[in-house]
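Asker:
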Amino acid sequence: MKVDQRYAWPLTVTEAIAIQEQLRNQVITEDQFQETIQYVAGVDMGFEANGTISRAAVAVLNFPDLQVIETTLAYRPTSFPYIPGFLSFREIPAVLDALEKVQTIPDIILCDGQGIAHPRRLGIASHLGLLLDLPTIGVAKSLLIGKHEELPETRGNWQPLIHRGEIIGAALRSRTGVKPVYVSSGHKVSLSTAINYVLRCTPKYRLPETTRVADKLASARLRK
DNA sequence: GCGACAG
DNA sequence: ATCTTGTCGC
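Residues in the first sequence are numbered from 0 upward in steps of one, following numbering that gives the first Met the number 0.
1. Using 10 angstroms around the beta-carbon of R5, count the other beta-carbons present and answer buried if the total reaches 16, otherwise exposed.
2. Tell me whether T13 is buried or exposed, calling it buried when 16 or more other Cβ atoms sit within 10 Å of its Cβ.
3. Using C-beta distances below 6 angstroms, list every residue in its chain close to Q113, excluding the 5 sequence neighbours before and after it, in chain order.
4. Give the secondary structure of L129 by DSSP, where H, G and I count as helix, E and B as strand, and everything else as coil.
5. Which residue from I104, R119 and G155 puts its Cα closest to that of L86?
6. Taking only runs that begin and end inside the region 53-78, name each unbroken beta strand (DSSP E) of 3 or more residues, in chain order.
7. Could you check which residue in K203, G164 and L127 has the C-alpha nearest to that of W8?
8. Taking the beta strand (DSSP E) that Q102 falls in, what are its first and last residues?
9. Considering only C-alpha positions, which residue in the set R154, L133, Y181 and G176 is nearest to G147?
10. Nearest-angstrom Cα distance between F88 and A15?
11. Evaluate the contact criterion for the region 38-49 versus the region 95-109: three or more CB pairs, one atom per stretch, below 8 angstroms.
12. Answer with buried or exposed for K187, where buried requires no fewer than 16 other C-beta atoms within 10 angstroms of its C-beta.
13. By alpha-carbon positions, which one of E69, L10, E90 and I166 ends up nearest to I52?
14. Using the Cα positions of V94 and G50, report the straight-line distance between them to the nearest angstrom.
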């Protein structure tokens, strides 16, 4: 798919904050996509050579069957350090490279990380969704900000994630008896819809099949 | 000022 | 994220 790569990436945290503050108002947290979802994609990142090389993998699966349709891989020098709250500036460049190689344009992308469950409401899922103008959902393995009540052990239960009196996402039990995942709107997807799709993409394991496939492809262990 | 802190 | 073997539990 075509990806606009003319985007100017920041070199400092100060510049990054300015970009986040400017983009946060453009994020849409309501459903804004056609009802017929045919393809869902997942992205995964890996790093090599002491973190100097970024490796991005994209997996496109059909929906709701979740059969793998296509996968792509891309490398590029890492240009931004890992700083909590600024993950997108470190990972999105390589992700865009991998997405450029994709033939099948996904209807929704599930990202490894937060959507609006972010200090300035612009986690990696929201940022990527804005750049691509595609619906995105944030699915994180751990919490960045916010608090939530305990939730029942059985799959499907969830509790709202609260930050400064706002519901920014949900702690969702994607599998019975395991730690919850943190779901939030990325762009053009509401929270309830996001939860719905995450559950439909999580038939067996804690993480969505999309990210699991991408992870397998980019697994450092298997590449060694 | 002291912790917390996506991947 | 990454460094890494076996091990506990359903």
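Heads up, the beta-carbon is just placed ideally off N, CA and C, and yes, glycines get one too.
Answerer: Well, looking at it:
1. So R5 ends up on the exposed side.
2. Counting Cβ neighbours within 10 Å, T13 comes out exposed, since fewer than 16 surround it.
3. So the list reads G122, G137, A139, L143 and S183, once near-sequence residues are dropped.
4. Looking at L129 - three-state DSSP - the assignment turns out to be helix.
5. Distance from the Cα of L86 is smallest, within the candidate group I104, R119 and G155, for R119.
6. For the region 53-78, whole beta strand (DSSP E) runs of length 3 or above, ordered along the chain, are 67-76.
7. Measuring from the Cα of W8, the nearest candidate turns out to be L127.
8. Note, Q102: premise wrong, no beta strand (DSSP E); not H, not E.
9. Checking the sequence, you will find His at residue 147 rather than Gly. By alpha-carbon distance to H147, the top candidate from R154, L133, Y181 and G176 is Y181.
10. Within the model, the alpha-carbon separation for F88 versus A15 is close to 8 angstroms.
11. Output reads yes: the region 95-109 touches the region 38-49.
12. With 16 or more other CB atoms across the displayed protein chains lying within 10 angstroms of its CB, K187 is buried.
13. Among E69, L10, E90 and I166, the Cα nearest to that of I52 belongs to E90.
14. Pairing V94 with G50, the inter-Cα distance amounts to about 15 angstroms.
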